[in-house]
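Engineer: Sequences listed follow chains A and B, in order.
Our numbering puts the first residue of the first sequence at 405, with every later residue one more than the last.
Our numbering puts the first residue of the second sequence at 122, with every later residue one more than the last.
Don't be surprised by glycine CBs; every beta carbon is placed ideally from N, CA and C.
Supplied in structure tokens, the structure appears directly below.
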Amino acid sequence: DAGITQSPRYKITETGRQVTLMCHQTWSHSYMFWYRQDLGHGLRLIYYSAAADITDKGEVPDGYVVSRSKTENFPLTLESATRSQTSVYFCASRASGGAGNEQFFGPGTRLTVL
Amino acid sequence: QKEVEQNSGPLSVPEGAIASLNCTYSDRGSQSFFWYRQYSGKSPELIMSIYSNGDKEDGRFTAQLNKASQYVSLLIRDSQPSDSATYLCAVNEAYNFNKFYFGSGTKLNVKP
Numbered sequence: 405d406a407g408i409t410q411s412p413r414y415k416i417t418e419t420g421r422q423v424t425l426m427c428h429q430t431w432s433h434s435y436m437f438w439y440r441q442d443l444g445h446g447l448r449l450i451y452y453s454a455a456a457d458i459t460d461k462g463e464v465p466d467g468y469v470v471s472r473s474k475t476e477n478f479p480l481t482l483e484s485a486t487r488s489q490t491s492v493y494f495c496a497s498r499a500s501g502g503a504g505n506e507q508f509f510g511p512g513t514r515l516t517v518l
Numbered sequence: 122q123k124e125v126e127q128n129s130g131p132l133s134v135p136e137g138a139i140a141s142l143n144c145t146y147s148d149r150g151s152q153s154f155f156w157y158r159q160y161s162g163k164s165p166e167l168i169m170s171i172y173s174n175g176d177k178e179d180g181r182f183t184a185q186l187n188k189a190s191q192y193v194s195l196l197i198r199d200s201q202p203s204d205s206a207t208y209l210c211a212v213n214e215a216y217n218f219n220k221f222y223f224g225s226g227t228k229l230n231v232k233p
């Protein structure tokens, strides 16, 4: 079925471990985004991508790595997880980069770092 | 650091009343403004977008934008219990339509 999916939906890991959160969209949207949502902070942009092999930093990129080898996938990797990275992570996609295009959000991944 | 400010609430209104949600932003060059609704445990969904000064109406929702005052608001008429959610304001970074800054959201409770 079409849409934007994230996996896993829930993840518990330990400090120092590497974790990869997956995002897949079936719309062939050019733009994809990763946000984290913490109580009191709203959504904060981590990284975004304008196309395959084109990525750029957002507001809070430290401690995260992204790649985009295929248009439909945009994985987010925490190379060495820290407790401060405990959060809900949302992936989003957007058809193009113009002013009027809506971002569609995935269901989110709740990550807990112990 | 770009800032988008919202009153965290909760804002409580009776069913059938008008709910007024407000948002201020710091980046004077911002050009795109969005309101998202987020139910507890769910992902944000777009309600309204607005780009020009003035009002934009869509059903029971009206977005209002005043760029001179750096202020955007959302009015919900005939509020329903199903409107109870957190409302997020999003503003783009000036000259970059792919960097958005979100407010922390206003929680709205509509009481039957």
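Do you know how far the Cα of T419 of chain A is from the Cα of T207 of chain B?
Structural biologist: Rounded to the nearest angstrom, the two C-alpha atoms are 31 Å apart.
Engineer: My assumption, with CB atoms under 8 Å, is that H428 of chain A sits in contact with A499 of chain A. Please give the rounded CB distance.
Structural biologist: In fact, because the Cβ distance is near 16 Å, the residues do not count as touching under 8 Å.
Engineer: Suppose contacts are defined by Cβ-Cβ distances below 8 Å. Is P479 of chain A in contact with V470 of chain A by that definition?
Structural biologist: Yes, the pair counts as a contact, with Cβ atoms nearer than the cut-off.
Engineer: Let me confirm a value: D204 of chain B is counted as buried when at least 16 other C-beta atoms fall within 10 Å, else exposed. Which label applies?
Structural biologist: Answer is buried; the Cβ neighbour count reaches 16.
Engineer: Give the interface partners of H428 of chain A over in chain B, defined as CB-CB distance under 7 Å, in chain order.
Structural biologist: What H428 of chain A touches in chain B: nothing, since even the nearest Cβ is about 15 Å away.
Engineer: Within 10 angstroms of its Cβ, does R440 of chain A collect 16 or more other Cβ (buried), or is it exposed?
Structural biologist: Buried is the call here.
Engineer: Rounded to the nearest angstrom, how far is the Cβ of Y192 of chain B from that of T145 of chain B, given a contact under 8 Å?
Structural biologist: Confirmed, about 5 Å.
Engineer: Taking C-alpha atoms, which residue in A:V517, A:Q507, A:Y468 and A:F494 lies nearest to R413 of chain A?
Structural biologist: Taking only the C-alpha atoms, the option nearest R413 of chain A is A:F494.
Engineer: Run through chain A and tell me which residues come within less than 7 Å of L167 of chain B, C-beta to C-beta.
Structural biologist: Correct list: E506.
Engineer: Would you kindly check if the distance between the Cβ of G512 of chain A and the Cβ of T409 of chain A is under 8 Å?
Structural biologist: Result no, Cβ atoms of T409 of chain A and G512 of chain A do not sit closer than 8 Å.
Engineer: On the DSSP bridge assignment, give the partners of S411 of chain A in chain order.
Structural biologist: Looking at the DSSP assignment, S411 of chain A forms a beta bridge with A:M426.
Engineer: Where does D176 of chain B sit, in a helix, a strand or coil, going by DSSP?
Structural biologist: D176 of chain B falls in the strand class under three-state DSSP.
Engineer: Tell me, which residues are paired with Y493 of chain A by DSSP?
Structural biologist: According to DSSP, which records beta bridges pairwise, Y493 of chain A is partnered with A:R440 and A:T513.
Engineer: Considering only DSSP beta bridges, list what T227 of chain B is partnered with.
Structural biologist: Paired residue(s): B:Y208.
Engineer: Out of A:A455, A:V517 and A:R514, state which residue places its alpha-carbon closest to the alpha-carbon of E476 of chain A.
Structural biologist: If we check each option's Cα against that of E476 of chain A, A:A455 comes out closest.
Engineer: Can you tell me where the beta strand (DSSP E) holding Q159 of chain B begins and where it ends?
Structural biologist: Here the beta strand (DSSP E) through Q159 of chain B covers F154 to Q159.
Engineer: So, does the CB of Y414 of chain A fall closer than 8 Å to a CB anywhere in chain B?
Structural biologist: Chain B contact via Cβ: absent.
Engineer: Chain B partners of Y435 of chain A, CB-CB under 7 Å?
Structural biologist: Those within 7 Å of Y435 of chain A in chain B are N219.
Engineer: Taking Cβ positions, are S133 of chain B and F218 of chain B nearer each other than 8 Å?
Structural biologist: Cβ distance not < 8 Å, so S133 of chain B and F218 of chain B don't count as in contact.
Engineer: Nearest by alpha-carbon distance to G444 of chain A: which of B:I171, B:S173, B:Y172 and B:N128 is it?
Structural biologist: Taking only the C-alpha atoms, the option nearest G444 of chain A is B:N128.
Engineer: Report the three-state DSSP secondary structure of S194 of chain B (helix, strand or coil).
Structural biologist: S194 of chain B: strand per DSSP, three-state reduction.
Engineer: So which residues on chain A does G224 of chain B lean against when the C-beta distance must stay under 7 Å?
Structural biologist: Per Cβ cutoff of 7 Å: G446.
Engineer: Can S497 of chain A and W431 of chain A be called in contact, C-beta distance under 8 Å?
Structural biologist: Taking 8 Å as the Cβ cut-off, S497 of chain A and W431 of chain A qualify as a contacting pair.
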